[in-house]
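Student: I'd like to ask you about the structure that follows.
Numbering (my numbering), first residue to last: 958 to 1141.
Next comes the structure, spelled out in C-alpha cells:
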C-alpha cells in the first residue's frame, strides 16, 4: 500500500485530548470518506489500556466509549444523558478502587490493581466524570465539520473544528460552492 492513502487517513489529536484521556477515547471512533473508522487498537497504550484486548475486554472498552460519547453529546446539547450511559460510566469508575497515596510532596491516586483493564477503565471513566462536571465542561464542543463525530476542547473563541483536516475540508467545500455559484 502506498503512503499517500495512509497519510490521508492520519488524523491529528483534537485540542484537549492531551488533557483528557476520556476525550481521546471518544475520538478513537471517527468518520472518513470510506465510512466509520475505529482507531481504538492503535490508541491502547496512549489511553492506558492493555496492549492486547480480548473480545470481552474490547466490548467493555467500546461500551465505555459509547457511554462517554453520550455524556459529551448531552453536555454540548444541554440535555441530560441517558441513564444507561451514566450507569456505565459510574460502574467503570468504581470497578477499581483507588486510594490517595502520599508521594512527597504531592498526593497521587494509586490503583489497588495496577496494570489491569479495570484500572484503565476506571481512570477513563473518572476522567469523563471530571470533564463533564468540572472546569473543562464549558470548553467541550463537537466538531462543526460536516460528517465529523469528534469532540474537542475549545480554548480559542474562533476554533470550530477538531483538526486542521476538518478545517481544510470545510474551507475546500466552501470554496467549491462559491466556484459553482459563480458559474451558475
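Glycine residues also receive a C-beta, built at the ideal position from the N, C-alpha and C atoms.
Helix or strand or just coil, what does DSSP make of residue 1004?
Tutor: As a working mapping, residue 1004 is identified with position 47 in the chain shown. Reduced to three states, the DSSP call for residue 1004 is coil.
Student: Less than 9 Å between the beta carbons of residue 1018 and residue 1006, yes or no?
Tutor: Residue mapping note: residue 1018 aligns to position 61 of the chain shown, counting from 1. Residue mapping note: residue 1006 aligns to position 49 of the chain shown, counting from 1. Cβ distance < 9 Å, so residue 1018 and residue 1006 count as in contact.
Student: Just grab the DSSP bridge partners of residue 995 for me.
Tutor: The count along the chain shown starts at 1 and reaches residue 995 at position 38. In DSSP, residue 995 forms a bridge with 986.
Student: Should residue 1040 go down as buried or exposed, given a rule of 16 or more other Cβ atoms within 10 Å for buried?
Tutor: Position 83 of the chain shown, counted from the first residue, corresponds to residue 1040. Exposed, because fewer than 16 other Cβ atoms sit within 10 Å of the Cβ of residue 1040.
Student: Extract the residue ranges of the beta strand (DSSP E) inside the region 1069 to 1123, only unbroken runs of 3 or more that lie entirely within it.
Tutor: Listed in chain order, the complete beta strand (DSSP E) runs (minimum 3 residues) inside the region 1069 to 1123 are 1097 to 1099 and 1108 to 1110.
Student: Could you tell me the distance, in whole angstroms, from the CA atom of residue 1119 to the CA atom of residue 1140?
Tutor: Within the chain shown, numbered from 1, the residue matching residue 1119 stands at position 162. Within the chain shown, numbered from 1, the residue matching residue 1140 stands at position 183. Each residue's Cα considered, the two are about 32 Å apart.
Student: Who are the Cβ neighbours of residue 1101 in its own chain at under 7 Å, not counting the five residues just before and after it?
Tutor: Numbered from its first residue, the chain shown carries residue 1101 at position 144. Cβ within range, chain order: 1117 and 1118.
Student: Among the residues of its own chain, which have a CB less than 6 Å from the CB of residue 1089, if the five just before and after it don't count?
Tutor: To locate residue 1089, count along the chain shown from 1; it is residue 132. So the list reads 1028 and 1032, once near-sequence residues are dropped.
Student: What are the boundary residues of the alpha helix (DSSP H) that residue 1021 is part of?
Tutor: Position 64 of the chain shown, counted from the start, is the residue given in the question as residue 1021. Residues 1012 to 1033.
Student: Is it a yes or a no for the region 965 to 981 touching the region 1095 to 1110, going by three-plus beta-carbon pairs under 8 Å?
Tutor: Yes, since at least three Cβ pairs between the region 965 to 981 and the region 1095 to 1110 fall closer than 8 Å, the two stretches touch.
Student: Helix, strand or coil: which one does DSSP assign to residue 1055?
Tutor: In the chain shown, residue 1055 corresponds to position 98, counting from 1. Residue 1055 falls in the strand class under three-state DSSP.
Student: Spatial neighbours of residue 1083 within its chain, please: C-beta separation below 7 Å, excluding the five flanking residues on both sides.
Tutor: Here residue 1083 refers to the residue found at position 126 of the chain shown. These residues qualify, in order along the chain: 1050.
Student: What does DSSP give as the partner residue(s) for residue 1044 in the beta ladder?
Tutor: In the chain shown, residue 1044 corresponds to position 87, counting from 1. None; residue 1044 has no bridge partner.
Student: For residue 1127, collect the residues of the same chain with a Cβ closer than 7 Å to its Cβ; drop the 5 residues on either side in sequence, then sort them by chain order.
Tutor: Position 170 of the chain shown, counting from 1, holds the residue named residue 1127. Excluding positions up to five away in sequence, the list reads 1102 and 1118.
Student: Compare the beta carbon distance of residue 1069 and residue 1053 with 9 Å and say whether it is the shorter of the two.
Tutor: Taking the first residue of the chain shown as 1, we reach residue 1069 at position 112. Taking the first residue of the chain shown as 1, we reach residue 1053 at position 96. Against a cut-off of 9 Å, the Cβ pair of residue 1053 and residue 1069 comes out as a contact.
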